[in-house]
Amino acid sequence: MGWSLGNTTALTLFSQKDLLPQANYEILESYVKTLIIYDATLFAFGWAPSPEDKPPIVFEPLSNFSADEMPSEEAKRSFHAWVSSYYDHPANPELLSELHFAERTAHATSDNWNAQDLAAFVDYGAVMRSEIPMQVSSLGPEVKVLGLGPGQTPASRTMAFPKCHIVFLRPTRTTWRCYWFGIRAQRIYEKQKKLGKDMRPAIFLPIEGGNHFAHWDMPEKVIENVAFGVHHNRSTLPT
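Here this note's numbering is used: the first residue of the sequence shown is 58, the next is one more, and so on.
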């Protein structure tokens with residue numbers, strides 16, 4: 058299971074079938090049944106909006122971050138509010154420009170975080186070492202995990218664990234980068250399936266009313282969706 062940009066780490070094991078000796082894959086095949094992609098961001102798949110599709114003015118809190126200098130306290134607070142706000146996106150947008158791009162909204166999960174919370178789960182040193190260098194816009198090889206890249210060869214020949222099912226968890230009030238990833242991934246997946254392409258079995262589950270921190274604000278609903286996705290996938294596995 059991966060979350061946000063951390064999905065990149067989860068995808069690594071699945072995107073290439075030559076990372077481990079074949080004997081290892083044969084053993085792991087019996088145990089690796091489901092990959093859960095939870096509220097992935099566009100960056101996790103190396104996707105970026107086209108210049109003509111992206112609105113001219115978009116709040117980009119990560120632009121205040123660098124790999125060389127610790128962000129200011131103001132920049133941190135701004136990012137916390139943006140990433141944990143509740144946005145109002147249309148259910149079936151045709152264009153990226155239709156999404157909600159506010160700097161923050163009236164309610165953000167971070168409004169309830171205290172110093173102890175931040176000390177427990179925020180590490181800006183790790184952000185500088187890992188996440189900032191990953192903010193690239195080229196289509197990365199990790200998209201092979203879904204067979205969503207152009208000109209992909211059949212999944213069974215290019216990807217590890219091709220029978221592994223995927224559960225996409227898509228909070229409906231998350232940041233625009235994550236919401237648009239879910240919309241785009243589902244549309245591309247369904248289009249490729251209709252064309253008869255060799256794709257991993259997948260299910261897309263909305264977390265209604267959830268933001269990027271749905272696991273914090275509504276953990277029961279997130280767990281219910283995880284359980285449903287895993288159960289659904291197991292029930293459709295070949296015997």
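Note that the Cβ used here is the ideal one computed from N, Cα and C, for glycine as well. Bear in mind that the values here come from a model prediction, so they are computed numbers and not experimental data.
So, residue i versus residue j, is the Cβ gap smaller than 8 Å?
i: Asp110; j: Leu68; result: no
i: Phe71; j: Met216; result: yes
i: Phe225; j: Phe261; result: yes
i: Ala97; j: Asn149; result: no
i: Arg230; j: Asp145; result: yes
Hey, how far is the Cα of residue i from the Cα of residue j?
i: His289; j: Asp75; result: 29 Å
i: Pro78; j: Gly103; result: 27 Å
i: Asn268; j: Trp233; result: 10 Å
i: Glu86; j: Pro263; result: 28 Å
i: Val283; j: Val89; result: 15 Å
i: Lys250; j: Trp273; result: 34 Å
i: Tyr95; j: Tyr236; result: 11 Å
i: Ile223; j: Ser61; result: 15 Å
i: Arg257; j: Glu130; result: 43 Å
i: Ala138; j: Ala165; result: 6 Å
i: Ala259; j: Tyr82; result: 21 Å
i: Pro228; j: Met127; result: 30 Å
i: Glu247; j: Gln73; result: 23 Å
i: Ala172; j: Arg134; result: 12 Å
i: Ile280; j: Val287; result: 10 Å
i: Pro219; j: Met58; result: 16 Å
i: Ala176; j: Leu252; result: 49 Å
i: Glu188; j: Ala271; result: 21 Å
i: Ala183; j: Pro106; result: 26 Å
i: Lys278; j: Ile93; result: 15 Å
i: Pro207; j: Thr66; result: Because Pro207 carries a pLDDT of 37, less than 50, the predicted location of this residue cannot be relied on, and the following value inherits that uncertainty. Rounded to the nearest angstrom, the two C-alpha atoms are 22 Å apart.
With DSSP as the reference, identify every bridge partner of residue i, one or two as the case may be.
i: Leu262; result: Leu226
i: Ser142; result: Ala165
i: Ile94; result: Gly59 and Phe225
Kindly list the residues whose CB is nearer than 7 Å to the CB of residue i, restricted to its own chain and excluding five residues on each side of it in sequence; keep chain order.
i: Glu155; result: Pro147
i: Val140; result: Thr232 and His269
i: Gly266; result: Thr229 and Arg230
i: Met275; result: Gly267
For residue i, collect the residues of the same chain with a Cβ closer than 6 Å to its Cβ; drop the 5 residues on either side in sequence, then sort them by chain order.
i: Ala242; result: none
i: Ser142; result: Arg161, Thr162 and Ala165
Could you pull out every residue in the same chain whose Cβ sits closer than 8 Å to the Cβ of residue i, ignoring the five residues on either side in sequence?
i: Asp125; result: Met185
i: Asn121; result: Pro128, Ser129, Ala132, Ser135 and Phe136
i: Thr91; result: Cys221, His222, Ile223, Val224, Gly286, Val287, Asn290 and Arg291
i: Ser123; result: Met185 and Ile189
i: Pro112; result: Leu153, Ser154 and Phe158
Q) If you pair each beta-carbon of the segment 157-176 with each one of the segment 114-131, do three or more pairs fall below 8 Å? A) Contact between the segment 157-176 and the segment 114-131 is established, with three or more Cβ pairs separated by less than 8 Å.
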